[in-house]
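The structure appears below as structure tokens.
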Amino acid sequence: MKKPNKNNESASQKSILQISKLHKKYNEGKSNEVHALKGIELTVKKGDMMAIMGASGCGKTTLLNMIGHLDKSSSGTIIIDGVDTSLLSDSKMTAFRRDKIGFIFQLFNLFPFLTAVENVETPLLLSGIRSGLAREQAKMLLRELGMGDRLYHLPTELSGGQQQRVAVARAIINQPAIILGDEPTGDLDSATSAEVMDLFRRINRINQQTLVLVTHNRWIAEKCDYIVHMTDGVVSGIENNLINSGGNKQ
Numbered sequence: 001m002k003k004p005n006k007n008n009e010s011a012s013q014k015s016i017l018q019i020s021k022l023h024k025k026y027n028e029g030k031s032n033e034v035h036a037l038k039g040i041e042l043t044v045k046k047g048d049m050m051a052i053m054g055a056s057g058c059g060k061t062t063l064l065n066m067i068g069h070l071d072k073s074s075s076g077t078i079i080i081d082g083v084d085t086s087l088l089s090d091s092k093m094t095a096f097r098r099d100k101i102g103f104i105f106q107l108f109n110l111f112p113f114l115t116a117v118e119n120v121e122t123p124l125l126l127s128g129i130r131s132g133l134a135r136e137q138a139k140m141l142l143r144e145l146g147m148g149d150r151l152y153h154l155p156t157e158l159s160g161g162q163q164q165r166v167a168v169a170r171a172i173i174n175q176p177a178i179i180l181g182d183e184p185t186g187d188l189d190s191a192t193s194a195e196v197m198d199l200f201r202r203i204n205r206i207n208q209q210t211l212v213l214v215t216h217n218r219w220i221a222e223k224c225d226y227i228v229h230m231t232d233g234v235v236s237g238i239e240n241n242l243i244n245s246g247g248n249k250q
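For the sequence shown, the residue numbers in my numbering are 1 to 250.
Structural data, given as structure tokens:
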């Protein structure tokens with residue numbers, strides 16, 4: 001992993017994500033309309049590690065899907081790394097999502113027919129990196145994440161924690177502006193969850209990488225710098241966890 005850029009302190013305080021007046025309605029205009037997000041306002045700075053918590057149905061996964069553009073909002077603005085994503089065409093949005101947003105899921109979402117290194121090199125190949133260089137970069141990153149002896153194993157030959165490490169490597173290989181995690185430790189036991197959270201924190205601190213994680217687990221959330229609490233489609237509070245997490249934004 002690359003070392004943080006220390007050119008100036010203000011760079012680490014740059015807003016990487018700005019959400020304004022974000023609404024999401026399902027079945028809009030119908031009798032069964034659901035107003036899932038109700039005017040979300042949220043700013044995430046570069047280098048933040050943030051958790052989103054709330055009861056089932058509060059809108060936290062919907063919000064993550066809006067940020068990741070896995071679904072379209074009904075109205076509002078999402079600016080990622082200075083780009084107003086509402087102005088992008090479908091093709092440009094696809095390229096932007098590939099290059100600027102990393103995804104980590106609860107069930108890993110690895111390609112079952114590809115080895116660990118093949119899974120990790122895939123985003124590079126899609127970005128036009130030649131195959132030999134993509135393979136070397138994928139191997140190097142997996143070794144840094146402790147997977148050097150599992151490069152050519154299929155997902156079914158890996159433990160849950162090992163699969164999540166591969167998923168993390170795939171998410172960060174393009175050095176995206178922001179990494180989104182939807183219950184990324186939800187399918188892991190407590191010991192493996194702690195290991196994965198330590199890995200997230202390492203990525204966050206060394207690379208000044210921004211992470212936004214949805215979780216129902218308070219212990220996981222307390223490992224982040226901030227906790228965004230959601231209730232019925234709105235942000236009901238933001239909890240500063242910097243002291244507890246040992247976060248340092250310098």
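Every residue gets a Cβ at the ideal spot worked out from N, C-alpha and C, and that includes glycine.
| message | Assess contact between the region 176-183 and the region 137-154, defined as three or more Cβ pairs (one per stretch) separated by less than 8 Å. Is contact present? | response | no
| request: Answer yes or no: do I78 and L17 have a C-beta to C-beta separation smaller than 9 Å? | output: Their beta carbons are under 9 Å apart, which means I78 touches L17 by this criterion.
| Host beta strand (DSSP E) of A51 (start-end) | M49 to M53
| request: Compare the Cα-Cα distances from L37 to each of E183, N240 and S236 and report the closest residue. | output: S236
| said: Taking the beta carbon of L254 as the centre, do at least 16 other beta carbons fall within 10 Å, making it buried, or is it exposed? | reply: Summary: the structure shown does not reach residue 254, with the chain confined to residues 1 through 250, and so no result is reported for it.
| Distance between I172 and Y26 (C-alpha atoms, nearest Å) | 31 Å
| How is D81 classed by DSSP in three states: helix, strand or coil? | When DSSP states are grouped into helix, strand and coil, D81 belongs to the coil group.
| From this set, F96, M49 and T156, which residue's C-alpha is nearest N119's C-alpha? | T156
| said: For F103, list the residues DSSP reports as bridge partners. | reply: Paired residue(s): L180.
| message | Could you compute how far the alpha carbon of G82 sits from the alpha carbon of K21? | response | 17 Å
| query | Within the chosen definition, does the region 37-54 reach the region 215-228 through at least 3 CB pairs nearer than 8 Å? | reply | As far as the Cβ criterion goes, the region 37-54 touches the region 215-228, which means the pair count is three or higher.
| task | Throw me the rounded Cβ distance for the A169 and L142 pair, which I believe falls under 8 Å. | result | Their Cβ separation, rounded to whole angstroms, is 5 Å, which keeps A169 and L142 in contact under 8 Å.
| task | Within the same chain, show all residues whose beta-carbon is closer than 8 Å to that of Q163, passing over the 5 residues directly before and after it, in chain order. | result | F108, L110 and P155
| Looking at C-alpha atoms only, which residue of L64, V196, S73 and I19 is the closest neighbour of V34? | S73
| request: Compute the Euclidean distance between the alpha carbons of Y152 and D187, then round it to the nearest angstrom. | output: 23 Å
| query | Which residue or residues does DSSP assign as beta-bridge partners of E239? | reply | DSSP output for E239 lists I227 as bridge partner(s).
| request: Report back the beta-carbon spacing between E195 and G160 to the nearest angstrom; my notes put them in contact at under 8 Å. | output: That pair is no contact at about 10 Å.
| task | Give, in chain order, every unbroken run of the alpha helix (DSSP H) that is at least 4 residues long and sits entirely within the region 166-218. | result | 190-207
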